[in-house]
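Student: Below is one structure. I have some questions about it.
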Amino acid sequence: MKLFDTHTHYDDEKFELPEGPDRVERIAALFRDEVGWMLGVSVDGASGDFQIGMASRFPGYYAAVGIHPQNCGEIADRDEALARIAEQARQPRVVAIGEIGLDYHWEEPPRALQQYFFEKQLALAESLGLPVIIHDRDAHGATFETILRYPGLVGVLHSYSGSAEMARELTKRGWYISFSGVITFKNAGRLAEVVKSVPADRILIETDCPYLAPEPMRGRLNHSGNLKYTAAKAAALRGEDYEAFAEATSENARRLFGIV
Ligand SMILES: [Zn+2]
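Take the position in the sequence shown, starting the count at 1, then add 29; the result is the number in this note's numbering.
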């Protein structure tokens, strides 16, 4: 039984760039442990190059490429940035477009600009037949409404924070819902109910490392070795056996990302 960490950011500066032997060793160690697969998710073009490089080095490591809504404000040439993502998306071991989406938590970047990059990348994913990894922060309505305009697409809402109703509508359409360490926090409340409600063949788990370390590691630097805490919490909430739940979530992720 091996876990699949469906959302990691090992290029984050918290892991101490520039790339050193420590970080690579640490990631390799996770593969020898209970984590069988990891998806390296991108926030911009440079991030995509990093993830593609990592995926070529480790057998269980796969890449997603895309521009995060919080990073689209820094882009000087939109066409060039999108062409780079399209090029990266065609590389071996790239299994998804992401993370893309909408973030209304902060005033910037402007919502119209976020929407522009979101839709351009949804269209790219559709044209390539790739699934998408969606970031939705305080933008549930707009995210849902946008997704529905691309009925040919499937994907995952990562570190899910929406309602049980929205999760139901999405899973009915073949989408997946991914839960992070937030479900282990004492104030998870309403989210715990959502964890129980998602169909067994549509649920994924993730660390979103280096962020969102689960209890009992909350506040520390997060990594894929902590995924077991989130898996255990989700299994307990659902009244399922840990091993069976872990296996089901790995199988779901491999189905979504086309990993055999
Ligand atoms: Zn992320």
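Glycine is no exception: its CB is placed at the ideal position from the N, C-alpha and C atoms.
#1: Between Val-223 and Tyr-189, how many whole angstroms is the CB-CB distance? I'm expecting something under 8 Å.
#2: Taking the Cβ atom as the reference point for each residue, do Gly-287 and Val-124 lie within a distance shorter than 8 Å?
#3: What span of residues does the alpha helix (DSSP H) with Arg-219 cover, start to end?
#4: Which same chain residues, not among the five before or five after Gly-16, have their C-beta less than 6 Å away from its C-beta?
#5: DSSP on Glu-128, reduced to helix/strand/coil?
#6: Sort Asn-255, Ala-171, Ile-232, Arg-231 by Cα distance to Leu-241 and report the nearest one.
#7: What's the C-alpha gap between Arg-107 and Leu-142?
#8: If I measure Cβ to Cβ from Leu-266 and keep anything under 8 Å in the same chain, skipping five residues before and after, which residues do I get?
#9: For Thr-35, I'd like the list of residues in its chain whose CB is within less than 6 Å of its CB, leaving aside the five on either flank, ordered along the chain.
#10: Could you spell out where the alpha helix (DSSP H) holding Met-246 opens and where it closes?
Tutor: With the structure as the only source:
#1: Locating residue 223 in the sequence shown gives position 194, counting from the first residue. Locating residue 189 in the sequence shown gives position 160, counting from the first residue. About 7 Å; that satisfies the 8 Å criterion.
#2: The residue labelled residue 287 in the question sits at position 258 within the sequence shown. The residue labelled residue 124 in the question sits at position 95 within the sequence shown. Yes.
#3: The residue labelled residue 219 in the question sits at position 190 within the sequence shown. Here the alpha helix (DSSP H) through Arg-219 covers 219 to 226.
#4: Residue 16 is absent from the model: the chain starts at 30 and stops at 289.
#5: For the purposes of this step, residue 128 is identified with residue 99 of the sequence shown, where counting begins at 1. In this structure, Glu-128 counts as strand in the three-state DSSP scheme.
#6: As a working note, residue 241 is residue 212 in the sequence shown. The shortest C-alpha separation from Leu-241 is found at Asn-255.
#7: As a first step, residue 107 is located in the sequence shown; it is residue number 78 there, counting from the start. As a first step, residue 142 is located in the sequence shown; it is residue number 113 there, counting from the start. Each residue's Cα considered, the two are about 10 Å apart.
#8: Counted from its first residue, the sequence shown places residue 266 at position 237. Result list for Leu-266: Ile-212, Ala-221, Val-224, Lys-225, in chain order.
#9: Counting from one through the sequence shown, the residue named residue 35 turns up at place 6. If we look at Thr-35 and ignore the five residues flanking it on each side, its Cβ neighbours are Leu-68, Ser-207, Leu-233, Glu-235, Ala-282.
#10: As a first step, residue 246 must be located in the sequence shown, where it is residue number 217. Premise fails: Met-246 is in no alpha helix (DSSP H) and is neither H nor E.
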